[in-house]
Amino acid sequence: MTMKTRVVSLFAIPLLLVACGGPLQDAAPADGPIRVVATTTIVGDLVRTVGGDSVDLTILMGAGVDPHLYKPSAGDVRTMATAQVVVYNGLHLEGKMTEVLEEMGGRGVEVVAVAEYLDPKALLPIEGFDELHDPHVWFDIELWQQAAACLRDELVRIDPDHADGYRARGDAFIAELAELDGWVEERIGSLPEARRVLVTAHDAFEYFGRAYGIEVRGLLGVSTAAEAGTADVQQLAAFIAERKLPAVFVESSVPPRYVEALTEAVAARGGEVTIGGSLYSDALGSPGGPAETYVGTVRTNVDTIVGALAE
Amino acid sequence: MTAELEILVIAMVTAVAAALPGAYLVLRRTAMVSDAISHAILPGIVVAFFLTEDLNSPLLLIAAAATGVLTVVLIEALIRSRLIPEDASIGIVFPALFSIGVILISRAASDVHLDTDSVLLGELAFAPFHRLTVVGVDLGPAALWSMGTILVLNVGLILLAWKELKLATVDSSLAALLGFQPVVVHYGLMTMVSVTAVGAFDAVGSILVVALMIAPPATAYLLAERLAPMVVVAAVVAAAGAALGWAFALALDVSIAGSIAAASGLLFVAAFLVAPRRGLLAQARRRQGQRLDFAVRMLVVHLFHHEGTPEASEECRVAGLHRHLGWSESWTRRVVGKAAELELVERNGEQVLPTADGRRLADDAVIGFGA
Amino acid sequence: MELFSDYTLRVVALGSGVLGAAAGALGSFAYLRRQSLVGDALSHAALPGIAVAFLLTGSKAPLTIMLGAALAGWLATLAVGLVVRRSRVPYDSALGMSLAVFFGIGLVLLTVIQKRPDAAQAGLESFLFGQAASLLREDVVAMSALGAACLLLLGLLWKEFKLLSFDSEFASSLGRSVGRLDGLFTLLLVIAVVIGLRTVGVVLMSAMVVAPAAAARQLTDRLAPMVALATAIGVFSGVTGAVLSSLIPRLPTGPTIVLVLSSVVAISLVFAPRRGLLWRWISLGRLAPSAALDPVLMHLYALAQQHPGEPDHGHGIAVLRTMSPAGVDLDQVLENLRSRGLVERVDEGLWAPTAIGRREAERHLASQNEAAS
Amino acid sequence: MARESSPALEVEDLTVAYSEQPVLWDIDLVVPTGDTMAIVGPNGAGKSTLIKAAMGLIPAVAGEVRVFGRPFAKGRGEIAYVPQRASLEWDFPTDVLDVVTMGTYGSLGWFRRPGAGERDRARAALEEVAMGAFERRPIAQLSGGQQQRVLLARALVQQAPILMLDEPFQGVDAPTERAIVAVLDRLSDEGKTVVVVHHDLQTVPEYFDSVLLLNVRAIDAGPVAEVFTEENLRLTFGGRVGVLAQIAAAESGG
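Chains as they are written, first to last, in my numbering: chain A, 5 to 315; chain B, 83 to 453; chain C, 710 to 1082; chain D, 10 to 263.
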């Protein structure tokens, strides 16, 4: 009996502790830049560009961190708990974390899911599941312009004191993106039509392909649990050999083995395909490098693609 | 309360909730079931997703728990067939179930961000941000409610079925003869393990659950001699490991879940080294402290033993003692010195002989062991 | 055979087959030594090694990463060995604990790496793990070398490994260094598992170590045929899975091989001659009455179970009398049981069940349990 | 202490402690060549520990073992060991002949495989324990007595001048007991030295030349006729009820 009492009291303590708990979010300071948390480096770049000095930005997933594999640290808890605005991609890119982020919106935190502001008709539905959409919207520059516009308007609404700055920076970025869009179109247009095929390990470039008239073929799906079959490798290798594609691409966050297996298979079919280079898909490049910004990343990717496929 | 403190409380509650059934897993030598469940629930999640087409549906969690139960039922059935040992039964069931899940995803939903990690929340750091709200009132983190409920259920079940669980864990055949249904108790226990595991996967992540289910009970196994203290110590160690790991993570700004798993391991290592009776240090100290004491007694008994026998002149000679006792010369000198100091032996020319005290000690020692 | 003219299928089938052979052979000994879950444990325990290798070199070069993984895995198995030898914690708990704790340390290190602004870290934790469909020619070469080395060593040290698995005490009494043999075998297993992780991934590797051995054990009562059968089942499943996966689009190769393996296990469990469930079900009718009439045997068995580790601990007739209904002639019953080899007299007036008696009692309990559930 | 020729086995001052309590205390034992000796004592007296420690299978705190006058490490090959039947995993996939052939592994050395010669030796040993008809039988299908005979055959194959058997009569049927006794007699006739951990007091005078009475320490050792006295047994067994009855039976029978 004494043991039971002891056990019960042991468990009661933590429960009591929580019952006395107060509100979760800490009070925001009255003035100064607003505290914004962004999830991926790509979204973070958008916030930094549009928000400028008016936002105090923290990015949860650093350079090279695949959103599928992100592991929060203890400091990230503080970051989240003190955030005034949370900006994320949405469309379930952030996995189960999406649910948490959505929920924070209900408790006085401003929550902006940039991809979810886009017109659903402009989004690519996932085959077989009409309600779900491919979240990798950022490589369609037009869509990213819309995302930038939405973020600009949201920041203006949330922090009207600095509205002019948001508008100016947002519009400038949208203009820069328009220019980038033209550049990409031109670069891709320089490729012969038959060569406009992008083969990578996983499906992060569907929007990019749709926007610039490139056929996109991937070996793996989005799910990290999915696995390729032998027939999938065979079919894709046959496709590459048949189309006489000169290059396929690896991604920084996916082991190159899959693509290596493809090149071997193509070689065995008498084709000749090289690995055209590494593309940035879910995260930007290292700070200080050419791909440290969104614009830099798009340019690097397009240069890599065009350089390899034009040969 | 701050988010960090809430995490601490959630971690402690989860740790205790997991350690309780974990104690029985460790004793039944099926500890790896916890890891097997973390892989094997995938097909349940996938099927539930196909039915709901919603990644956030609670049905996915229920399906995961049901698949967890199916997993342990299959493992238990294989073990009970006695055709395959425990470890291999586990090693056959979970890859099969997991593979079914992967095939389902690959064939029908490879473009959906669908895997165990993205469906079960599985991240302690985010637990405070997922709250239970009823009619606009914030009742605290949802994970605390779910794990608190599981904890209360586990405590209740263990107290209710204490005898049965003990019998079924320690001796299932005797339980059957005494009229208990060890099958029912086993499956009940395994269902408890499965529900706890899936609930905890959702609250804190899979690897932490495996650590919490195994490490604290294993630590307790080194500290406690009987089942009841072992279960209680496991719960205390689990909570302590959660607190320690939490503090590390905060201090070093690293993964809280990983840190708690590592801290649980650290507590085990500590117990492994310094547990009062079973620790390596206690073993070594016992050996060291005992060695001289033991050697003195041994010397005295040896001398006593050979006193007055024909070979005594040889066996009790100072110069030859070390050979007879298999000791080094320096050690023998030390032991003889110590024994002389305690007035248990005395020198008599070339020989060492026991004193009256020595004879009494030798006599006591020998008879004491025999009794 | 035209099927195999395709390069990809040839590589995948050959690689899976060779891995199946090596894992089947090594796995047989792992199975008999109750080390079946080492593959699963190593796949988790390798994480800190991967993280440290990356932290030290800043590169994801496969060799560096694999070396780190193997080193961490080896450390984990050493830790398991130390804990099992020097404490009373059972093997499976030590294994699960080292798996989770090593992985936890790996997670901590990953969050350290994550904070470094370095895009090279991308995909680090999945970097170790391959998939069967992406097998490369160099993998097949590496696996063939490994497989050949394993089979060669198993062949050379066949009787030593057999002795180690069956009766390691007898091996020491012959003057063999059991510790060194055990270390060598574990090293072989770690190397095989790490190569398997790299080429075909965790789940397939785990299954490849356990399933062929488990199926083969049902089909034979001798070691050499068991190892040969396990090897053959490994090869068969690897090749069959690869072929199925190549015939049907979007059928992932690794999981298909696992399901082929699982089917082989299921079939052998049900249909194995003498051991199989079907056989048991048929013969249960024959055995049931004789087992049922022995409450005394069951009592002795239950009493014996109270002395784990001393199966021959005897119990007196007086105890049995309190457990039996009045009027039972215990002496006659015990004599009858003894003549059938089910119980034995271990001392004057003290009785214990024999190994056969214990097995009969367990079988009887199992059938009761089945009936109850 | 000069001796004419070295005895088969000399154990000097052997002490073994598991944790706190010594389980063997300062054991001196001389087993003359050609002797058949029983080690007798109550449960927990350290009987099995004695022969395991003498075989170097468990570490001793102190003590020395000599085999034919040579240190144990050099004389290890002269001893064949029969472990307790229950300590083995009988569900192992192997057959009777294979287990018995394991007895030849010591003389084979690393890497070499047993050949026809080794198997013939194993078959001969099986015949000797009347198990010749069972050579292809999986060991999982053996009765306790058959298991014991297989283990004895494995030791016979080693053709060692010394055999140490741990509880060979534990739970075996009458035919097996007779078979083992016949083998022990034959070994004795051939001048082999046999040490047996034994629990049945009644049969000691019949089966053995000499006896070691053990209860943590050696109570007495020597020829059965001299050592196997009521007084010594009382000392060994601590005057337990039931044991005394056995002693009485042994005395009237022997």
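Built from N, CA and C at the ideal position, the CB exists for glycine as well.
| Item | Value |
| --- | --- |
| Within 8 Å of chain D by C-beta, residues of the segment 406-438 of chain B in sequence order | H406, L407, G408, W409 |
| Given I957 of chain C as reference, the closest of B:P223, B:S188, B:W328 once Cα atoms are compared | B:S188 |
| 7 Å Cβ cutoff met for L780 of chain C and G815 of chain C | no |
| Extent of the continuous beta strand (DSSP E) run through F253 of chain A | 251-255 |
| Y106 of chain B versus D117 of chain B - alpha carbon distance | 15 Å |
| At least three beta-carbon pairs within less than 8 Å, the segment 80-90 of chain D to the segment 33-42 of chain D | no |
| Residues of the segment 92-119 of chain B with Cβ closer than 8 Å to any Cβ of chain A, in chain order | M94, V95, V98 |
| 7 Å Cβ cutoff met for A170 of chain B and V919 of chain C | yes |
| Residue of C:Q1041, C:G950, C:L928, C:Y1010 minimising C-alpha distance to F980 of chain C | C:L928 |
| Neighbour-count burial assignment, I342 of chain B, 16 or more Cβ in a 10 Å radius | buried |
| Given 8 Å, three or more beta-carbon pairs between the segment 131-142 of chain D and the segment 157-173 of chain D | yes |
| Counted within 10 angstroms of its Cβ, other Cβ atoms place A1081 of chain C as buried (16 or more) or exposed | At A1081 of chain C the pLDDT is 49, less than 50, meaning the model places this residue with poor confidence; the figure from the coordinates comes in the next sentence. With fewer than 16 Cβ atoms within 10 Å of its Cβ, A1081 of chain C is classed as exposed. |
| Residues within the segment 137-168 of chain A neighbouring chain B, beta-carbon criterion of under 8 Å | D138, P139 |
| Local conformation of M917 of chain C per DSSP, three classes | helix |
| Residue-chain proximity (H404 of chain B, chain D), Cβ-Cβ < 7 Å | no |
| Stretch pair the segment 118-131 of chain B + the segment 141-148 of chain B: three plus CB contacts closer than 8 Å | yes |
| Member of A:Q238, A:Y284, A:A314 whose CA lies at the smallest distance from the CA of A272 of chain A | A:Q238 |
| Closest Cα partner of T204 of chain A within the set A:I309, A:E98, A:D80, A:L64 | A:I309 |
| Min CB distance D104 of chain D to chain C below 7 Å | yes |
| DSSP three-state assignment for Y74 of chain A, whether helix, strand or coil | coil |
| T234 of chain A: contacting residues in chain C (beta-carbon distance under 7 Å) | T717, L718, V721, A842, A951, S954, S955, T962 |
| Sheet register partners of S882 of chain C (DSSP bridge) | Bridge partners of S882 of chain C: none, in fact. |
| Of the listed residues B:V313, B:A85, B:I157, nearest to T86 of chain A (C-alpha basis) | B:A85 |
| Secondary structure of H1024 of chain C, DSSP reduced to three states | strand |
| Contact set between H212 of chain B and chain D, taken where Cβ atoms lie within less than 7 Å | Per Cβ cutoff of 7 Å: no residues; H212 of chain B is ~49 Å from chain D at best. |
| Boundaries (first-last residue) of the beta strand (DSSP E) holding G231 of chain D | 226-232 |
| Interface residues of chain B facing S58 of chain A [CB-CB closer than 7 Å] | Result: empty, since nearest Cβ-Cβ is about 25 Å, beyond 7 Å. |
| Given 8 Å, three or more beta-carbon pairs between the segment 209-223 of chain A and the segment 138-158 of chain A | yes |
| Interface positions of the segment 126-152 of chain D facing chain C (Cβ-Cβ less than 7 Å), listed along the chain | P147, A149, S152 |
| Proximity to G99 of chain A [Cα-Cα], best of B:G431, B:L196, B:S192 | B:L196 |
| Sequence-distant residues of its chain with Cβ nearer than 6 Å to A750 of chain C (five each side left out) | L804, L808 |
| Reduced DSSP secondary structure (H/G/I, E/B, other) of S192 of chain B | coil |
| At least 3 beta-carbon pairs within less than 8 Å: the segment 980-989 of chain C vs the segment 941-954 of chain C | no |
| M173 of chain D, DSSP secondary structure in three states | strand |
| Identity of the residue in C:P799, C:S768, C:G767 nearest Q744 of chain C by Cα | C:P799 |
| 7 Å Cβ cutoff, P71 of chain A in contact with chain C | no |
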